[in-house]
Ligand SMILES: [Zn+2]
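Numbering (our numbering), first residue to last: 9 to 184.
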């Protein structure tokens with residue numbers, strides 16, 4: 009995550025005094041973020057509001073977008089797994105909005121000051137286990153491991169791509 013986005017999220021690592029002083033004169037408000045989101049799609053816009061502005065007024069619509077996106081993959085060939093797709097969409101959305109921090113590096117992605125954390129590959133986020141995901145989506149553990157985990161990662165990567173897009177939009181918007 010960029011420094012800019014980190015400033016806006018509740019889950020950001022604590023900033024040093026120096027950093028706060030150097031950024032305070034160019035403080036970015038939620039309104040600024042929303043104003044920068046003119047060129048992104050609705051799903052991305054609502055995600056940006058929820059994640060970086062902690063604005064949940066569009067939450068119900070955001071959930072519908074998340075479920076719609078997951079359904080578009082036509083994963084549920086089995087009737088008994090239709091609800092799993094919806095649960096998977098919710099878990100991916102929730103975990104992208106508020107990722108659990110990696111315990112090894114306390115969410116910083118770095119250990120011993122300079123080394124990339126091997127446990128989370130420097131992302132700072134805790135890895136989703138097969139067991140936890142199977143519990144959250146109400147699916148069998150074997151099928152979660154073989155099938156749903158990859159789909160979960162795909163949905164999460166979509167949110168990662170959205171964050172990159174939001175980051176670009178904010179930079180462009182603040183420059184204009
Ligand atoms: Zn880590």
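The beta carbon of each residue, even a glycine, is placed where N, CA and C say it ideally should be.
- Taking the Cβ of residue 142 as the reference point, every heavy atom of ligand 1 lies at 7 Å or farther away.
- In the three-state reduction of the DSSP assignment, residue 127 falls in the coil class, being assigned neither a helical nor a strand state.
- Short of 6 Å from the beta carbon of residue 152, and not among the five residues preceding or following it, lie these beta carbons of its own chain, in chain order: 138, 141, 142.
- Of 148, 180, 110, 164, the smallest CA-CA separation from residue 89 is found for 148.
- Of the heavy atoms belonging to ligand 1, at least one sits nearer than 7 Å to the Cβ of residue 117.
- With 16 or more other Cβ atoms inside 10 Å of its own Cβ, residue 59 counts as buried.
- Within the same chain, 133 come within 6 Å of residue 107 by CB-CB distance, once the 5 residues on both sides are set aside.
- Counting along the chain, residue 80 sits inside no alpha helix (DSSP H), nor does DSSP assign it H or E at all.
- Pairwise C-beta distances place the region 151-165 out of contact with the region 110-127, as fewer than three of them are shorter than 8 Å.
- A contact is defined here as three or more CB-CB pairs under 8 Å, and the region 166-175 meets this definition with respect to the region 42-53.
- In the DSSP assignment, the residues bridged to residue 119 are 123.
- Each of 144, 117, 122 was checked against the Cα of residue 131, and the nearest Cα belongs to 117.
- Looking at the backbone, the Cα of residue 156 and that of residue 98 are separated by about 13 Å.
- The beta carbon of residue 40 sits closer than 6 Å to no other beta carbon from its chain once the five residues preceding and following it are set aside.
- Residue environment: residue 170 is assigned as buried (16 or more neighbouring CB atoms within 10 Å of its CB, all protein chains considered).
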